[in-house]
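Novice: Per the numbering used here, the very first residue in the sequence shown carries number 838; after that it's consecutive. Take a look at the following structure, please.
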Amino acid sequence: MKTSKTCFSNFLPLSPSIPSNDDNSLDDIDSKSRLIKCYYRHVNEQVNSIMKRFSYLLDTEHRNISSLT
838 MKTSKTCFSN FLPLSPSIPS NDDNSLDDID SKSRLIKCYY RHVNEQVNSI MKRFSYLLDT
898 EHRNISSLT
């Protein structure tokens with residue numbers, strides 16, 4: 838997510854140990870919540886970027902078609 842404007846490398850604290858697959862390691866609700874928010878913002882940024890690009894291309898196409906007639 839290097840292109841994201843909302844998430845930074847220090848967004849989530851580093852844990853001193855490698856998390857295991859047991860259920861106890863999944864109890865950190867705060868970290869999961871922050872990560873979900875980060876992904877949500879990142880996805881929204883990408884969707885907005887795609888929509889802006891699509892709108893620009895659509896407008897350009899309409900202008901080109903109008904200039905031909």
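Note that CB positions come from ideal geometry on N, CA and C, so glycine has one too.
In whole angstroms, give me the CA-to-CA distance for residue 867 and residue 874.
Specialist: If I take the Cα positions, the gap works out to 11 Å.
Novice: Taking Cβ positions only, does residue 903 come closer than 7 Å to chain B?
Specialist: Checking the listed chains, one finds no chain B in this structure; it contains a single protein chain.
Novice: Please report the distance separating the alpha-carbon of residue 883 from that of residue 901.
Specialist: Cα to Cα, residue 883 sits roughly 27 Å from residue 901.
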